[in-house]
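Residue numbers (the numbering used here): 97 to 486. Note that CB positions come from ideal geometry on N, CA and C, so glycine has one too. All remarks here apply to the structure that follows.
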Ligand SMILES: [Zn+2]
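See the structure below:
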């Protein structure tokens, strides 16, 4: 049996005003804020014997799991209205359902120092991240369009629509960090920024008035991005504001003005989510999980079977367990992975061959694979999948 663990995917920063984008990119080139998943991070080879492999976990970037924390943090007010600042109410900036087909991978970094903390003092942020990253499960999710939506009424003040979609290929990004972008002036000093839209997908023009929830373009792979997401940023008089707290980054436990979300119950904090789980005939690298290309079920009864999990947000001390059962219910593989390090993305997999079970090939029938995810001794998430050999 083999075991594999992977590294965090990444974003680069895309957090400056449109006016600054060009000059900054020319001066510094693309900034590699986080590392991409790399092949080297994956040390997994199937071995025909039940040998446990080393593990390596993701990233020095912190992280956390499961849509366990469902409720939005309690706030006495629902709009941002300190004296002198015009209130604003924001709605969902992307047409998806949180916890189902999209997930917040990174929040505004509320730590003013060199570290990073999200507004719940968790690790779902990276240093100086000034927006909210609404991610899709994997790159394959972009096979259908996901619309970016105007979070509030306003006037489009800038559009970039000609940046190539690089398809998240390593090293392919050479241009504007924010990629194809829209900036909307909501009045009262409020400005929204949308990054990484698909080339040619922007449907609004400079000077155009937009209504709340009006589609403005589609999620793409332009600019400094290594996973499919909308980077959405809101500023007031050029100051970054966390839409979850209504205040600028001054510490994750600082006083809050209240979330800017019109309906905070629908845009909630979640410290973890299972992005993917499945059974595969090919080795489940993190790159393949990010690509969403591990859908082919095992079909060769002489070949090893792999079970894998792709998780957003893990905490040191979490564990996961893979279990696979033969058609008669006997356990043919069971492996527990302690998660040693808090991280934003975690991936793991096991592989097992018929010889591991003492048979020359997989007998016909329907097999079951399960994932169980534990935190503090409690099961906080499960997934199951079946596969059949004729
Ligand atoms: Zn971002």
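- Residue 332 is bridged by DSSP to 286 and 335.
- The beta carbon of residue 253 sits closer than 6 Å to the beta carbons of 279 and 281 from its chain, once the five residues preceding and following it are set aside; these are given in chain order.
- Where residue 308 is concerned, there is no enclosing alpha helix (DSSP H), because DSSP gives it neither an H nor an E.
- Relative to ligand 1, residue 202 has its C-beta within less than 7 Å of a heavy atom.
- With a cutoff of 7 Å, residue 316 does not count as near ligand 1, since its C-beta is closer than that to no heavy atom of the ligand.
- Three or more beta-carbon pairs separated by less than 8 Å are not found between the stretch 430-443 and the stretch 334-354, which leaves the two stretches without contact.
- Distance between residue 320 and residue 184, taken at the CA atoms: about 29 Å.
- Between residue 409 and residue 234, the C-beta spacing is not below 8 Å.
- By the Cβ test, the stretch 321-330 is in contact with the stretch 208-227, since at least three Cβ pairs between them sit closer than 8 Å.
- Looking from the CA of residue 349, the closest CA among 215, 315 and 201 belongs to 215.
- Three or more Cβ pairs closer than 8 Å define a contact, and the stretch 301-309 falls short of that threshold against the stretch 205-220.
- Residue burial annotation: residue 396 is exposed, with fewer than 16 other C-beta atoms found within 10 angstroms of its C-beta.
- Residues of the same chain with a CB within less than 7 Å of the CB of residue 208, apart from the 5 flanking positions on each side, are 345, 346 and 347 in chain order.
- Short note on residue 229: C-beta closer than 7 Å to some heavy atom of ligand 1.
- Under the 10 Å beta carbon count, residue 295 is surrounded by 16 or more other beta carbons and is classified as buried.
- Here the distance from the Cβ of residue 225 to the nearest heavy atom of ligand 1 is below 7 Å.
- The Cβ-Cβ distance between residue 268 and residue 388 does not fall below 8 Å.
- With contacts defined by Cβ atoms closer than 8 Å, residue 245 and residue 287 do not form a contacting pair.
- Residue 454 is not a Cβ neighbour of residue 402, given a cutoff of 8 Å.
- Taking 3 residues as the minimum length, the beta strand (DSSP E) runs contained wholly in the stretch 180-220 are 198-202, in order along the chain.
- Going by DSSP, residue 240 is part of no beta strand (DSSP E) at all; its letter is neither H nor E.
- Taking a contact as a CB-CB distance under 8 Å, the pair residue 465 and residue 480 counts as one, their CB atoms being some 7 Å apart.
- With fewer than 16 neighbouring CB atoms inside 10 Å of its own CB, residue 351 falls in the exposed class.
- By the neighbour-count criterion, in which 16 or more other beta carbons inside 10 Å mark a residue as buried, residue 239 falls on the exposed side.
- Using a 10 angstroms sphere on the CB of residue 475, the tally of other CB atoms stays under 16, which defines it as exposed.
- Between the alpha carbons of residue 460 and residue 249 lies a distance of about 59 Å.
- Its chain contains 186, 339 and 363 as the residues whose beta carbon lies nearer than 7 Å to that of residue 357, once the 5 sequence neighbours on both sides are disregarded; these appear in chain order.
- A direct Cα-to-Cα measurement between residue 394 and residue 293 gives close to 36 Å.
- Boundaries cannot be given for residue 390, as no alpha helix (DSSP H) includes it and DSSP labels it neither H nor E.
- For residue 369, the enclosing beta strand (DSSP E) begins and ends at 369-376.
- DSSP places residue 301 in the coil class of the three-state scheme, outside both helix and strand.
- Of all alpha-carbon atoms in 473, 458, 469 and 259, the one lying nearest the alpha-carbon of residue 405 is that of 469.
- Each of 192, 308, 284 and 439 was checked against the Cα of residue 411, and the nearest Cα belongs to 439.
- Within the chosen limit of 7 Å, ligand 1 does not reach the beta carbon of residue 398 with any heavy atom.
- Cβ-Cβ separation between residue 256 and residue 232: approximately 21 Å, too far for a contact (criterion under 8 Å).
- As the crow flies, the alpha-carbon of residue 275 is around 12 Å from that of residue 322.
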